[in-house]
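Comments concern the structure below.
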Amino acid sequence: MSATAAVIHPAPRLPLALKLGFTAFMAVLVPFYWITYGPTNFLYFCDVAMFLTLAAIWTESPLLASLPAVGLIVPQLVWCADLIASWLGMPLLSMTAYMFDPGIPLFARGLSSFHAWLPFVLLYLVARLGYDRRALPGWTLLAWALLAVSRLFLPAPPADPAQPNVPVNVNYVYGFSDAATQTFMPGWAWLALLFVGLPLLVFWPTHLVLQRWRGLPEDAQPPR
């Protein structure tokens, strides 16, 4: 192949097995979640991240990979830590209590295991594609929009016994528990804490690490 052809048709940076495997997983997860939990389930940060990751895997776009990476790597690692702690009988935040609920089908809990491997897939994508610095403002704006929608339009905990599968407390806008609203502070203060705390304490530090590790040079990133 000539050098010109290689430029026009660059070699894929991601293996086909990853693309097909991730797509197959999403082909199972999406219809199952839609039927079981309804469309509002896809407003969780993690579910939005899965769609962005799918797009990033096929387009090999650094920006599409960087958006979920800057927003989800740390929270999903916290999820992993809570899962291990809960398995040991010492839950940290009770985020993963549902993974041990025998009332939830094992198949559904198995699908939810994507929380455990998603951060490592995102790290792999950033390692292969590079980190786009525009991910920080992009994900922050997206997160704010999802938080606002979750608080204004989606139900608070606990779940309605008549519709137990309808998601409540989406994106933890009412606290860390799906059984009851947090009572440590007024609701508006908790939401404000999420709006300010997530960008400052989660997204920005992750951005700095990813930028230092695999940040793309400015001339390699498309103009805004």
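Residues in the sequence shown are numbered from 433 upward in steps of one, following this note's numbering. Just so it is clear, CB atoms sit at the ideal spot from N, CA and C, and this is done for glycine as well.
In this structure, residue 596 and residue 473 do not form a Cβ contact; the two beta carbons are roughly 13 Å apart against a cut-off of 8 Å.
With fewer than 16 other CB atoms across the displayed protein chains lying within 10 angstroms of its CB, residue 615 is exposed.
With contacts defined by Cβ atoms closer than 7 Å, residue 563 and residue 647 form a contacting pair. Secondary-structure assignment with DSSP links residue 647 through a beta bridge to 563. In the structure shown, residue 607 adopts extended strand secondary structure according to DSSP, grouped into three states. Across the structure, residue 526 and residue 443 are spaced so that their CA atoms are roughly 44 Å apart.
When the alpha-carbon of residue 497 is set against those of 559, 456, 628 and 618, the nearest one is in 559. No Cβ-Cβ contact shorter than 7 Å links residue 613 with residue 506. Straight across, the Cα-Cα distance linking residue 465 with residue 503 is about 22 Å. It is roughly 30 Å from the alpha-carbon of residue 641 to the alpha-carbon of residue 519.
With contact defined as three or more Cβ pairs closer than 8 Å, the stretch 525–543 and the stretch 570–582 are not in contact.
Residue 529 and residue 480 have their C-alpha atoms some 22 Å from each other.
Closest option to residue 454, judged by alpha-carbon separation, among 487, 468 and 476: 487. Under the three-state reduction of DSSP, residue 489 is assigned to helix.
Listed in chain order, the alpha helix (DSSP H) runs fully inside the stretch 473–529 are 477–491 and 494–519, counting runs of at least 4 residues. For residue 447, the three-state secondary structure derived from DSSP is coil. DSSP places residue 624 inside the alpha helix (DSSP H), whose first and last residues are 619–629. Counted as a single uninterrupted DSSP element, the alpha helix (DSSP H) harbouring residue 539 occupies residues 538–543.
Take residue 608, set aside five residues on each side of it, and the residues of its chain with a beta-carbon closer than 8 Å to its own are 525, 526, 527 and 614, in chain order. Residue 574 and residue 630 have their C-alpha atoms spaced approximately 12 Å apart. One Cα belongs to residue 549, the other to residue 511, and the distance between them is close to 11 Å.
Going by C-alpha positions, residue 601 is about 5 Å away from residue 588. Its Cα nearest to that of residue 446, the residue 492 stands out among 492, 477 and 476.
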